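Trainee:
Protein chains in written order, with the numbering used here: chain A, 1 to 444; chain B, 1001 to 1257.
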């Protein structure tokens, strides 16, 4: 019999059938496309050898999907004996990976590096389609888990799931176009955007696409509004604090920073720095190349830094804050029940305690003297680090930017790096504050 | 003479549209120049600039969503009352009984979509290097519009007055009390005092300014309602106008220089 939190119910199985149906239709279309464009492959001798269209693989995969779809539509009556679901021996390691912020951040970082290193292989249509299929299959299979459905199915979280696919798609599209232009540049050709660039009249070519776009979007919004009800919880009550209390989803990256920095930094200073840094961007980037066309090779540093800020730090932290942070802001796996009583040991130590304790001394009572090591370290980071970088890795930047521009630039980079640095310090040394003067609410 | 031609030749039609139907090249140019709504566009445009895989259309979609939010928002304002007594019940009624209550769904999903499309617009502008000279300042305006979009969404989040609303706003606005110098739990607030009396207290700090009270309450609801429906949209609309105008003045939509 099904328990109170059943992984599979008849309606879930039937509903997932529709998702498989969509996936099946997508892959049928892709098989047709592949047949026209992808050429032929050698068949392994096991299958008789010879040549076959590459589309054969997609055709076989689509046929498999059609069977899975059929199984979902016909087998929904008997959830206990339904076999297509994510088994626990796969769920457990995935939970173990994502439920630890260290591993989660490490994974997002690896994905980010992987995207850049393997951009030529990943940004092809076939690789993109395989990735999309993998992501969708992962999502659909995960839906067979009760707890996963609870967190992903929250109405306000649906746009975030969609956003992950959209951001992934556009990142893929960027690298696809950038690779093409980079290859052209290597051959001495101008970017593709400059080729056949005739002037055309706005009426009808632009206004009609705008009109079609507007109609399609209106239809889409109505469709979305009919299918998914906007969330409305219990009436507001200032005494019943929900656990966890979360900010709106687009601020969850900032809320996640609260784990590592105090509110005055995570909630006020860093957001201001992010915005100031974005606004300063065009005045810092002195590279004249890559204006108005996609390229990676001509602006490696700028694009990498921006992607690092947008993908692992902004989108990655929103995922962490939305899907993995549960009661008491503890991390939970995506298939894990949000247990209010889950305990995580918190015994973090301030730098001053490390420092004076290391000398076997008691903490000085004067906070300024007590915090001397942290203050010196912070000052060194913000004042001397730029000089050090100017003499080493950022030598050409410092030379070409001029003093003021370089100082703004280096401080922005250092402040951006301050978050991952503090994360690593917290995870490795249980460091709580570098400077801790709670008397003046001045904790770093 | 066909009916269509009869209408297009009538005095009423001509008085409204001021030009013949855009069937030939000359009139396709004239229509863009003389129509108020179309004159945001140039007459002609480089064809690669409007290719979908290049431009992604995200700025345009964001603008469309802003219009959709304005229309659905005005309709919702006819119904919704921003008071403790009525706010939640009005939203409940929109969900359960009100004709065209789907406006709230469209408004909320449109708001989420707008946050995403505005990010993607910034993403595209960055990745094509379109912030580079001569478009630096328009990028700055764009960043401000991005912030205002987030603030529009944030202020609107409170209005349903359910648990989701007040606690999200409480978590968000709690940051304000840690504002350096201006929050009553921010570093350096003690520096702002007159003759030993703190100027920054629970009832005079940045958070109080935002909430209009010590806690999220009816004053906050009123404050956020005005910000959401009047103050921020006015600023956003003005900045959008400047943003579009600058696109034209700074060399048109982005293209290889």
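The beta carbon of each residue, even a glycine, is placed where N, CA and C say it ideally should be. Please read these numbers as outputs of a predicted model, since none were measured by experiment.
1. Per DSSP, which one or two residues make a beta bridge with residue 436 of chain A?
2. Got a sec: is the Cβ-Cβ distance from residue 1245 of chain B to anything in chain A below 9 Å?
3. I want to see whether chain B comes within less than 9 Å of residue 224 of chain A, judged by CB atoms only; does it?
4. Between residue 1134 of chain B and residue 1119 of chain B, what straight-line distance do the alpha-carbon atoms span, to the nearest angstrom?
5. Roughly how many angstroms separate the alpha carbons of residue 291 of chain A and residue 1252 of chain B, rounded to a whole number?
6. Residue 1192 of chain B by DSSP, collapsed to three states: which one?
7. Let me know the secondary structure DSSP gives residue 332 of chain A once reduced to three states.
8. So, are the CB atoms of residue 1200 of chain B and residue 1184 of chain B less than 9 Å apart?
9. Hey, is the segment 96–106 of chain A in contact with the segment 322–336 of chain A, meaning 3+ C-beta pairs nearer than 8 Å?
10. Between residue 25 of chain A and chain B, is there a C-beta pair that is closer than 9 Å?
11. How many angstroms separate the CA atom of residue 1073 of chain B from the CA atom of residue 1150 of chain B?
12. Taking 9 Å as the cut-off, decide whether the C-beta atoms of residue 1186 of chain B and residue 224 of chain A are in contact.
13. On the criterion of 16 or more Cβ atoms from any shown chain inside 10 Å, does residue 203 of chain A qualify as buried, or is it exposed?
14. Is any beta-carbon of chain A found at less than 9 Å from that of residue 1153 of chain B?
15. Among B/1105, B/1017, B/1027 and B/1096, which has the Cα closest to the Cα of residue 229 of chain A?
16. For residue 325 of chain A, which residues does DSSP report across the bridge?
17. How is residue 1112 of chain B classed by DSSP in three states: helix, strand or coil?
18. What does a CB cutoff of less than 8 Å around residue 1087 of chain B pick up in its chain, not counting 5 residues either side in sequence?
19. Could you check whether the Cβ of residue 267 of chain A sits closer than 9 Å to any Cβ belonging to chain B?
20. Closer than 9 Å between beta carbons: that is the criterion. Which residues of the segment 183–199 of chain A meet it against chain B?
21. List the residues of chain B that residue 251 of chain A touches, going by C-beta distances under 7 Å, in chain order.
22. Any idea what DSSP makes of residue 424 of chain A, helix, strand or coil?
23. In its own chain, which residues sit with a C-beta less than 7 Å from the C-beta of residue 349 of chain A, not counting the 5 before and 5 after it?
24. Is residue 1245 of chain B buried or exposed, if buried means 16 or more other CB atoms sit within 10 Å of its CB?
25. How big is the Cα-Cα spacing for residue 1188 of chain B and residue 269 of chain A?
26. Please report the straight-line C-alpha distance between residue 528 of chain A and residue 28 of chain A, rounded to a whole angstrom.
27. With a threshold of 9 Å between beta carbons, is residue 2 of chain A in contact with chain B?
28. Going by DSSP, what residue range makes up the beta strand (DSSP E) through residue 52 of chain A?
29. How is residue 246 of chain A classed by DSSP in three states: helix, strand or coil?
30. Three-state secondary structure (DSSP) at residue 10 of chain A?
31. Which residue spans inside the segment 102–164 of chain A form an unbroken beta strand (DSSP E) run of at least 3?
32. Please classify residue 191 of chain A as buried or exposed, where buried requires at least 16 other C-beta atoms within 10 Å of its C-beta.
33. Looking at the strands, I want to know which residues DSSP matches up with residue 1041 of chain B.
34. Could you tell me the distance, in whole angstroms, from the CA atom of residue 1107 of chain B to the CA atom of residue 396 of chain A?
35. Anything in chain A within Cβ reach of residue 1120 of chain B, meaning under 8 Å, just list it in chain order.
36. How close, in whole Å, do the beta carbons of residue 233 of chain A and residue 1163 of chain B come, if the pair is a contact with beta carbons under 8 Å?
Mentor: According to the data block:
1. For the purposes of this step, residue 436 of chain A is taken as residue 436 along the first chain, with counting starting at 1. Per DSSP, A/443.
2. Residue 1245 of chain B sits at position 245 when you count from the first residue of the second chain. Cβ-Cβ to chain A under 9 Å: no for residue 1245 of chain B.
3. Numbered from its first residue, the first chain carries residue 224 of chain A at position 224. Between residue 224 of chain A and chain B, the shortest Cβ-Cβ separation is below 9 Å.
4. Here residue 1134 of chain B refers to the residue found at position 134 when the second chain is read from its first residue. Here residue 1119 of chain B refers to the residue found at position 119 when the second chain is read from its first residue. C-alpha separation (whole angstroms): 22 Å.
5. Walking along the first chain from the start, residue 291 of chain A turns up at place 291. Walking along the second chain from the start, residue 1252 of chain B turns up at place 252. Residue 291 of chain A and residue 1252 of chain B have their C-alpha atoms roughly 13 Å apart.
6. Position 192 of the second chain, counted from the first residue, corresponds to residue 1192 of chain B. It is coil, neither helix nor strand.
7. Here residue 332 of chain A corresponds to residue number 332 of the first chain, with the count starting at 1. Shown here, residue 332 of chain A sits in coil according to DSSP, grouped into three states, outside any helix or strand.
8. Translated into positions along the second chain, residue 1200 of chain B becomes position 200. Translated into positions along the second chain, residue 1184 of chain B becomes position 184. Yes, Cβ-Cβ distance for residue 1200 of chain B and residue 1184 of chain B is below 9 Å.
9. Because the criterion of three Cβ pairs below 8 Å is met, the segment 96–106 of chain A and the segment 322–336 of chain A touch.
10. Counted from its first residue, the first chain places residue 25 of chain A at position 25. So no, residue 25 of chain A is outside the interface.
11. As a first step, residue 1073 of chain B must be located in the second chain, where it is residue number 73. As a first step, residue 1150 of chain B must be located in the second chain, where it is residue number 150. Using only the alpha carbons, I get a separation of about 16 Å.
12. Residue mapping note: residue 1186 of chain B aligns to position 186 of the second chain, counting from 1. Residue mapping note: residue 224 of chain A aligns to position 224 of the first chain, counting from 1. Contact check for residue 1186 of chain B against residue 224 of chain A fails: the beta carbons are separated by 9 Å or more.
13. Counting from 1 along the first chain, the entry for residue 203 of chain A is found at position 203. Under this definition residue 203 of chain A is a buried residue.
14. Here residue 1153 of chain B corresponds to residue number 153 of the second chain, with the count starting at 1. The beta carbon of residue 1153 of chain B falls within 9 Å of a beta carbon belonging to chain A, placing the residue at that interface.
15. Residue numbering aside, residue 229 of chain A sits at position 229 when the first chain is read from its first letter. For the residues B/1105, B/1017, B/1027 and B/1096, the minimum Cα distance to residue 229 of chain A belongs to B/1105.
16. Residue 325 of chain A sits at position 325 when you count from the first residue of the first chain. Residue 325 of chain A pairs with A/331.
17. Here residue 1112 of chain B corresponds to residue number 112 of the second chain, with the count starting at 1. The answer is helix: DSSP assigns residue 1112 of chain B an H, G or I state.
18. Taking the second chain and counting its residues from 1, one reaches residue 1087 of chain B at position 87. In its chain, beyond the 5 residues on either side, 1080, 1081, 1159, 1160, 1161 and 1221 have a beta carbon closer than 8 Å to the beta carbon of residue 1087 of chain B.
19. Locating residue 267 of chain A in the first chain gives position 267, where the first residue counts as 1. Residue contact check for residue 267 of chain A against chain B: a CB pair falls below 9 Å.
20. Of all residues in the segment 183–199 of chain A, 190, 191, 192, 193, 194, 195, 196, 197, 198 and 199 have a Cβ within less than 9 Å of some Cβ in chain B.
21. Start at 1 with the first residue of the first chain, and residue 251 of chain A comes out as number 251. Here the neighbours are 1172.
22. As a first step, residue 424 of chain A must be located in the first chain, where it is residue number 424. Reduced to three states, the DSSP call for residue 424 of chain A is helix.
23. Start at 1 with the first residue of the first chain, and residue 349 of chain A comes out as number 349. Same-chain partners within the cutoff: 430, 431 and 432.
24. Within the second chain, the letter at position 245 stands for residue 1245 of chain B. Counting Cβ neighbours within 10 Å, residue 1245 of chain B comes out exposed, since fewer than 16 surround it.
25. Working through the second chain from its first residue, we reach residue 1188 of chain B at position 188. Working through the first chain from its first residue, we reach residue 269 of chain A at position 269. Whole-angstrom Cα-Cα distance: 14 Å.
26. Residue 528 of chain A lies beyond the range of chain A shown here (1 to 444); nothing can be said about it.
27. Along the first chain, one-based indexing puts residue 2 of chain A at 2. A caution first: residue 2 of chain A carries a pLDDT of 48, below 50, which makes its placement in the model unreliable, though a value can still be read off. It does not; no Cβ of chain B falls within 9 Å.
28. Start at 1 with the first residue of the first chain, and residue 52 of chain A comes out as number 52. Segment 51–53, the beta strand (DSSP E) holding residue 52 of chain A.
29. Position 246 of the first chain, counting from 1, holds the residue named residue 246 of chain A. Coil at residue 246 of chain A, not helix or strand.
30. To locate residue 10 of chain A, count along the first chain from 1; it is residue 10. Residue 10 of chain A falls in the helix class under three-state DSSP.
31. You should have found no qualifying run.
32. Numbered from its first residue, the first chain carries residue 191 of chain A at position 191. Burial is judged here by how many other beta carbons sit within 10 angstroms of a residue's own beta carbon; residue 191 of chain A has at least 16 and is buried.
33. Mapped onto the second chain, residue 1041 of chain B falls at position 41. The partner list for residue 1041 of chain B (beta bridge, DSSP) is empty, contrary to what the question assumes.
34. Position 107 of the second chain, counting from 1, holds the residue named residue 1107 of chain B. Position 396 of the first chain, counting from 1, holds the residue named residue 396 of chain A. Approximately 49 Å, taken between the alpha carbons.
35. Stepping through the second chain from its first residue, residue 1120 of chain B is reached at position 120. Within chain A, the C-beta atoms nearer than 8 Å to that of residue 1120 of chain B come from 166, 167 and 170, in chain order.
36. Taking the first chain and counting its residues from 1, the one referred to as residue 233 of chain A is at position 233. Taking the second chain and counting its residues from 1, the one referred to as residue 1163 of chain B is at position 163. Taking C-beta atoms under 8 Å as the contact rule, residue 233 of chain A and residue 1163 of chain B qualify, at a distance of about 4 Å.
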